[in-house]
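Residue numbers (our numbering): 6 to 418.
Positions of the beta carbon are idealized from the N, C-alpha and C atoms, including for glycine.
No experiment lies behind these values; they were computed from the predicted model shown.
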């Protein structure tokens, strides 16, 4: 058991009891003699973040190939370097990514990348959650599609012996992945109730290329292939017309908004408030560090809010609670986890923030301060699944994680 004493929650100091991996009791005063006690005076408890779109192991590409359009960036800078990756390098890159996530308050992420067994091993050792997906990208080669389907089945049938893992599948995008692979991956996901993760309508070029080839826009095409439902995550989804917005709403598909990446690569700005007004399920992600260049969900919230107000030409757009929910409970709910809120019976994924940090003063509106003013220096402690991953800003073995990362980068770059 863990007992948080005198922690700020809902405008007052309270005690919070953690039993096993859940928040079991919240009250003014709690006595639990055998519990490990954390004195939280001067600290507030908040849910941790759920990063709904990233490529965690791209950490070695931070600062590489800057100031390029998306497709030039991919073809000239990213894909050639990714060809050097190995299972071993992915393991160390993943651990470094997870270190950054923990330090910035994230305990769950939806990942789309390579050598997933290495990522899962790193996840088990670091102690945070991950929705790790096997990626389908066949470049319209039928034999490759069959290989990917077989590999996906093997992945889904493998027991990785951890409750921290949420399995899923990814189809990279309609411009890299065949209809057959989309349909078969979605079939597998439906059989097991899993997430299918897809890049969709990230750029206007993607839309413009899709129309003459298929006679439909990307999200319309996904709908015609039977891919859209409440377990489909559409990463980016910047360039949706009204018909596509209705398709997404009707299907219950999830939008993963990546405002920093979209702005940096000039992919466009999502009309966030319009999507919210239409009732879409919107979550928040960072994308990979090569296009962000950070995994900080705190930074992402601020960028999301500012971008939305600019697009809508309305200072009331993207209210702070809506943006905070996108970064927390919306993502956890989309992945089928009872987390992202500080309530009894919820999974014990939470962070403690320093109320004496300059960015959180005055404490008139904590959520507003977290969205508009905070940075990772505000976070002192991070818990996932009832276990402390960072205490007093220190993650166990972080020095070795950093040194291993630097060594791997020397080989890859």
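Per DSSP, residue 188 lies in no beta strand (DSSP E); the unbroken alpha helix (DSSP H) holding it starts and ends at 184-197. Comparing C-alpha distances from residue 128 to each of 394, 384, 408 shows the shortest one belongs to 394. Boundaries of the alpha helix (DSSP H) harbouring residue 412: 403-417, taken from the DSSP string. Counting the other CB atoms within 10 Å of its CB gives residue 169 a total of 16 or more, which places it among the buried residues. Under the Cβ criterion (8 Å, minimum of three pairs), the segment 170-185 counts as touching the segment 128-137. For the 8 Å CB-CB criterion, residue 267 and residue 243 form a contact. Per DSSP, residue 19 is one residue of the beta strand (DSSP E) stretching across 17-24. In this structure the segment 89-97 does not touch the segment 340-349; the number of beta carbon pairs closer than 8 Å is below three. Here residue 237 is buried. Its C-beta has 16 or more other C-beta atoms within 10 Å. Listed as beta-bridge partners of residue 227 by DSSP are no residues whatsoever. According to the DSSP assignment, residue 386 belongs to the beta strand (DSSP E) that extends over 384-389. Judged by DSSP in its simplified three-state form, residue 363 adopts helix. Going by beta carbons, residue 387 and residue 112 fall inside the 8 Å limit. Per DSSP, the unbroken beta strand (DSSP E) holding residue 172 starts and ends at 170-176. Apart from sequence neighbours up to five positions away, the residues of its chain that approach residue 316 with a beta-carbon distance below 6 Å are 274, 276, ordered along the chain. Put simply, the backbone Cα of residue 351 is about 30 Å away from that of residue 204. Bounds of any alpha helix (DSSP H) do not take in residue 286; it lies within the beta strand (DSSP E) bounded by 286-289. When rounded, the separation of the alpha-carbon atoms in residue 362 and residue 396 is 16 Å.
For residue 201, DSSP records a beta bridge to 174, 237.
Taking 8 Å as the cut-off, the beta carbon of residue 292 is found closer than this to the beta carbon of residue 59. Put simply, the backbone Cα of residue 264 is about 21 Å away from that of residue 65. Its Cα nearest to that of residue 294, the residue 83 stands out among 83, 158, 27. For the pair residue 186 and residue 390, the Cα-to-Cα distance works out to about 34 Å. From the listed residues 50, 383, 25, 32, the smallest Cα separation to residue 41 is found for 25. Between residue 289 and residue 262, the C-beta gap is smaller than 8 Å, which places the two residues in contact. Cβ-Cβ separation between residue 357 and residue 12: approximately 7 Å, consistent with a contact (criterion under 8 Å). Ranked by Cα distance from residue 162, the first of 197, 323, 178, 306 is 197. Annotation: the segment 296-343 contains the following complete segments of the alpha helix (DSSP H) (minimum length 4 residues), in chain order: 302-317, 325-332, 334-339. With a cutoff of 8 Å on beta-carbon distance, residue 353 and residue 28 are scored as near each other. CA-CA distance, residue 408 to residue 400, rounds to 14 Å.
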